[in-house]
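If you're matching them up, the sequences are chains W, V, E and B in order.
The opening position of the first sequence corresponds to residue 1 in this note's numbering, with each subsequent residue numbered one higher.
The opening position of the second sequence corresponds to residue 1 in this note's numbering, with each subsequent residue numbered one higher.
The opening position of the third sequence corresponds to residue 1 in this note's numbering, with each subsequent residue numbered one higher.
The opening position of the fourth sequence corresponds to residue 1 in this note's numbering, with each subsequent residue numbered one higher.
All residues carry an ideal CB built from backbone N, CA and C; glycine is no exception.
Nothing here was measured: the structure is a model prediction, and the numbers come from that model.
This report concerns only the one structure given below.
There are 4 protein chains.
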Amino acid sequence: MRYSFKNDYSEGGHPRIIELLASLTDEQQEGYGNDHYSTKAKNLIKEKIDDFEAEVHFVSGGTQANLIVIAAALRPYESVIAAETGHIHVHETGSIEATGHKINTVATDNGKLSVQAIQKVLEDHNDVPHMVVPKLVYISNGTELGTIYKKTELQELYEFCISKELFLFLDGARLGSALASSENDLTLQDLAKHTDVFYIGGTKNGALLGEAIVITHPQLKEILPFHIKQRGGMLAKGSVLGIQFLGLFENNYFIELAKHANAMSKILIDALQKNEFPFLIAPVTNQLFPILPNHMIEDLLKEYDFHLWKKINASHTAIRLVTSWKTPENKTRELANKISKYTP
Amino acid sequence: MRYSFKNDYSEGGHPRIIELLASLTDEQQEGYGNDHYSTKAKNLIKEKIDDFEAEVHFVSGGTQANLIVIAAALRPYESVIAAETGHIHVHETGSIEATGHKINTVATDNGKLSVQAIQKVLEDHNDVPHMVVPKLVYISNGTELGTIYKKTELQELYEFCISKELFLFLDGARLGSALASSENDLTLQDLAKHTDVFYIGGTKNGALLGEAIVITHPQLKEILPFHIKQRGGMLAKGSVLGIQFLGLFENNYFIELAKHANAMSKILIDALQKNEFPFLIAPVTNQLFPILPNHMIEDLLKEYDFHLWKKINASHTAIRLVTSWKTPENKTRELANKISKYTP
Amino acid sequence: MRYSFKNDYSEGGHPRIIELLASLTDEQQEGYGNDHYSTKAKNLIKEKIDDFEAEVHFVSGGTQANLIVIAAALRPYESVIAAETGHIHVHETGSIEATGHKINTVATDNGKLSVQAIQKVLEDHNDVPHMVVPKLVYISNGTELGTIYKKTELQELYEFCISKELFLFLDGARLGSALASSENDLTLQDLAKHTDVFYIGGTKNGALLGEAIVITHPQLKEILPFHIKQRGGMLAKGSVLGIQFLGLFENNYFIELAKHANAMSKILIDALQKNEFPFLIAPVTNQLFPILPNHMIEDLLKEYDFHLWKKINASHTAIRLVTSWKTPENKTRELANKISKYTP
Amino acid sequence: MRYSFKNDYSEGGHPRIIELLASLTDEQQEGYGNDHYSTKAKNLIKEKIDDFEAEVHFVSGGTQANLIVIAAALRPYESVIAAETGHIHVHETGSIEATGHKINTVATDNGKLSVQAIQKVLEDHNDVPHMVVPKLVYISNGTELGTIYKKTELQELYEFCISKELFLFLDGARLGSALASSENDLTLQDLAKHTDVFYIGGTKNGALLGEAIVITHPQLKEILPFHIKQRGGMLAKGSVLGIQFLGLFENNYFIELAKHANAMSKILIDALQKNEFPFLIAPVTNQLFPILPNHMIEDLLKEYDFHLWKKINASHTAIRLVTSWKTPENKTRELANKISKYTP
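Shown next as structure tokens:
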């Protein structure tokens, strides 16, 4: 079987996560997230973000987190601003629209939103009441293109959002890899301080499933459980989610696992850069988009699985390579060696 | 800590389930339910229901299963017929209405729908186009009151539904306990044959989470994955759900675990009946609703946790006791002994 | 052709309304309700309710008014409390649910809600966050059964709603007839003072179409135009609605036309009472529900059109007779004479 | 007061329309569109389109027509393809999204969709089931930019739609002006033949309000009344809409009124072209987008009202001039004279 660099959810959970899940078998816990483990995990996260007024809720996956937060934050005539490449716009089967809301998209080079781009959307929506009212800014870190936000960028965005009474919501499905990036200067505290709500992705960073939604905006705090339940996101055995986040955070696994993914990614980046392969966008997390000759791609596909991302020209295509907390070094070096035998 | 007879989702997963989940750690699988385990589990279920044309999909929980199936089956102006006690009407925070659909409710004694009751709803909705068009009948087995459908009842319902072009949808969050009941004469094959879509509850019967939706109606088959994705029900690591159903069905654990729950329930029923405690409704599954004197309830609550269900009169209240696949015999006998010291 | 007592929207508009509409042909007005007539009509209504802080908006019909106000007022997990006979529950094809909201219904004798009934719904919805949160009380005046609210009743309801942070919304599709009832002690000022939002029905009281939504609750004021536009309720030629309300209110036609309808109704009531026909419910507005022998109904149907409302027993049926601003006295007396030839 | 060339809904209704509406006052008609006039108008339209199997329904306005047709045609995971300039995308406050559906937009030069553009959207939506499924193509004729479809273009679009199982829906809010254009080669019969559903705009062409939805696709025919009622689009006095379309079609007013609007437009076009003013897009209907020097715009705004459409550069701006069935020739010539005094 071909080894897969297709995504970061090909493998199951970290052994410590499994161990913790096993421990649930012989004890009784309250349902619906009111168990001791969820409470402990929530407190641990509040400690990490240094905000004990925040609310934390666990849900199963990213699409669920996105649609719940957005449906909770918006009035029917209010809309979301997102990058054209944003996951909610492209890859979630209209889940946001299914809750009744329009997404106002912005073309970007790098998957990141800027104050200017948001300002432009606001200006374009001045024909009251014939247009939706943009009210929430959706960003992701790392983005769909593997790029990350710097601290000053996030601060600027948040200040602008506050000045315009917009919610700032950060999708952190790949937050681990972003925070573990050598280019990163953001902390979990910064995220809590410079967004209204964000989530910490477990699924793509060692958990079997689970995203932890962290809410700091007072208006969204109390009401989220109703939305989680209504949208089918509240597990009867809520401890299954809580205990996994306990596992990820009690020994800093959250960052360590992501660091491993990034380290594996670095091995591939080095090999690609050494032979001067161009990238669609400079890689800084566990997602790389190198542009390769088609014949090379054909060769590699015999032994490895990965996504073809974008046709560049008749002879070259950008592919996506993704590493994970579980990607073994030997497989990675093997691929790096293969790469070093080709030229752009 | 008090031992809880509050529900059947207090404990984690069966050891075999955990073992299987652990096995996912060291291998790569396709995402979104296209993994080998999900395929194997789907095939096993198709074998059990003896219908290889059926479609099977796994989702995280019951509310999710309910809202996805109903939103997939109905046009905007079509409605669901359900018992007034139905979970979708009472305990799911308006999740069905949030997808745009009205629930037409029917008062029942026992949580079960009859042909007559459905007929009445249809007759009451004749003012076209000023009224919704009832199009799907929602039943649960076991019901919210712990009652079950007999084979002839289900057949009659389904024949009627076919004659009226209604979908018949069976919520099987507690299907294990229903099928394992000594009163039961239904098989999984019968369910597949006499409904359009039903689901098999894993969460309340040994899994950590997971419900298996089984679709036999051709119109609903192909489109369900879109709805699952759109409503946030598609896990990136779909194998997490599939492998648990593999665990439940490869060694008949699904029925065996439910039999244990029912056997524990029987111990309590026997003790209650011996002392002639009345029941709100005759118990046949893992949910009992005995009517007890308030002072007795107060005493029991010191050592056990359970729901107060319904005030009967100034001195008596119906409580709900629920046993699970994990309820230990010693704890159950201990409670049975306590009960035997009281009189109605 | 049979003369119809079937409803109060069989005829077109009052001549003064037509005259005003004709006057729009030769002049230019701003679109979307920003025309001079709409402004004038809004100011006139604010004068009548003695509240210049109120907001007034015109929409085409009752279903539209209901769904717009309710969708504007509620968060996704919040619900409406309504009488089981309420128009939104029975006769609007699930329009409220189509905006995502559950209706919590209350059985009533007379179509009216009481504090006790609302209190009961609140008590039944205490399982947070597994249940919807009732947040808006929907009443109609006159009700579906032709009954009306007394001033003390409305005051009590509103005080209770305030104490529970519920919105009170009054559907006034038949408000004219209610206010013109000999039993009525409410004024337009009272309605503005003792509800958060209500509407004044034009369609059933002399206009060709149009309902005037009056909002006094600060939270709902600014946002309504967005909802009106989003739900398709904003006419390009908004003056068409505004000028009709100008017509209804500038010479007190609104009350005078309703008085005529009620006077015609009184002629029928007197004839029915004289011969001791029972009523389903005591008539006080332009809707009567007399219980008649079936043979008499058959005879009457040869010359008049009306609704069969409810089968009472094998030999008797309640029918609905409705009079309007246009019902001629001679036709009414003719029917009254017919009635006087029968006995219960 | 400044004379307005701002839009085509500044004036009321054509005298014949008013006359007909007046005639409703003294007679009784069935409610909800089941009156004689609506039936007669529907038959007349079926005659004009030469399709007696078609269904015709009247609603109040364009946003309503759009959202009702689209919500009726689509399953929750299905989407609409529209031009980026499409009215449903830009100017209807998210009304389509509020019914749960995504709009896939296409950038265009002229507001018109091509087979290639639609093909591209389909190709971009191949990641099943993670993406919405485009299912309906929304076009308008005339478009937002005043352009029109030629017969061969519409035929090609429709053939392509059929081959891809897409619905083709044509928004005809300004259909009169399009059909009356000197460039037009389409007939009402062509529209019925080469779309699945379209509507005929009354509001902007002599009526006070009203759009006639014409459905030829069998799947949409029977269900539309439920959607119309559910979305608040069904008037109690349905005759008010029906009789206006009777007025527009019984003496060919529909085309004659539009011809007048276009003739007035032609006067302005001639004046602009004589002095060689450029246009944003070549004008063929009652909407013109000339590019004028800013000082000239300032001058004109002193006497006329119109929209500033788009800033072209520091010194020039495109404006929108719209003529209507009611625009007087003298006012138009007066403006033409003013224009002739300026140079580009």
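- Each of W/ILE339, W/GLY242, W/GLY247 was checked against the Cα of W/GLU30, and the nearest Cα belongs to W/GLY242.
- Residue burial annotation: V/ALA314 is exposed, with fewer than 16 other C-beta atoms found within 10 angstroms of its C-beta.
- Neighbours of E/TYR77 in chain V, taken as residues whose beta carbon is under 7 Å from its own, are THR93, GLY94 in chain order.
- The alpha helix (DSSP H) runs of length 4 or more contained entirely in the stretch 189-230 of chain E are, from start to end of the chain, 218-221, 224-230.
- Using a CB distance cut-off of 8 Å, V/GLU97 counts as an interface residue toward chain E.
- Put simply, the CB of E/PRO15 is near chain B, with a gap under 8 Å to one of its CB atoms.
- Going by C-alpha positions, E/GLY202 is about 8 Å away from E/PHE254.
- Using a C-beta cut-off of 8 Å, the stretch 33-42 of chain W makes no contact with the stretch 211-220 of chain V, since fewer than three inter-stretch Cβ pairs fall below that distance.
- The closest CA to that of V/ALA263, considering only V/VAL322, V/HIS91, V/ALA207, is found on V/VAL322.
- At least one CB of chain V lies nearer than 8 Å to the CB of B/VAL133.
- V/HIS217 is outside the set of residues whose beta carbon lies under 8 Å from a beta carbon in chain B.
- B/SER79 is bridged by DSSP to B/PRO134.
- Interface residue (Cβ-Cβ distance to chain W less than 8 Å): B/VAL69 is not classified as such.
- Interface flag for V/ALA22 against chain W is set, since a Cβ pair is found closer than 8 Å.
- DSSP links E/GLU55 through a beta bridge to E/ILE215.
- In the pairwise beta carbon analysis, the stretch 331-342 of chain V is classified as touching the stretch 266-281 of chain V: at least three pairs are separated by under 8 Å.
- Excluding sequence positions up to five before and after E/ASP50, its CB lies within less than 6 Å of the CB of GLN189, all in the same chain and listed in chain order.
- DSSP places E/PRO293 in the uninterrupted beta strand (DSSP E) bounded by 291-293.
- Within the stretch 119-130 of chain B, the residues whose Cβ lies closer than 8 Å to some Cβ of chain W are ASP127, PRO129, HIS130, listed in chain order.
- With contact defined as three or more Cβ pairs closer than 8 Å, the stretch 58-75 of chain W and the stretch 224-241 of chain W are in contact.
- Taking 8 Å as the cut-off, the beta carbon of B/ALA117 is found closer than this to the beta carbon of B/VAL106.
- Under the criterion of beta carbons closer than 8 Å, V/VAL132 and V/LEU166 do not qualify as touching, at roughly 13 Å.
- Boundaries cannot be given for B/ALA236, as no beta strand (DSSP E) includes it and DSSP labels it neither H nor E.
- In the three-state DSSP reduction, E/LYS310 falls in the strand class (E or B).
- For E/ALA107, no beta strand (DSSP E) segment is defined, and its DSSP state is neither H nor E.
- At least 8 Å separates the CB of W/LYS204 from every CB of chain B.
- Taking B/LEU280 as reference, the option from B/ARG75, B/GLN64, B/SER10, B/GLY111 with the minimal CA-CA separation is B/GLY111.
- Under DSSP, E/ILE269 forms no beta bridge with any residue.
- Going by DSSP, V/ILE96 is part of the alpha helix (DSSP H) stretching over 95-98.
- Sixteen is the threshold: when 16 or more other Cβ atoms of the shown chains lie within 10 Å of the Cβ of V/VAL240, as they do, the residue is buried.
- B/VAL80 has a beta carbon lying at 8 Å or more from every beta carbon in chain E.
- Scanning chain W for C-beta atoms nearer than 8 Å to the C-beta of B/VAL90 yields MET131, reported in chain order.
- Against chain E, a Cβ distance below 8 Å from V/GLY238 picks out nothing, because the smallest value is about 27 Å.
- Annotation for E/ALA318: the continuous beta strand (DSSP E) segment containing it runs 316-322.
- Using a 10 angstroms sphere on the CB of B/MET296, the tally of other CB atoms reaches 16 or more, which defines it as buried.
- Cβ contact annotation for V/LYS46 (same chain, cutoff 7 Å, sequence separation greater than five): PHE52, ALA54, VAL56, in chain order.
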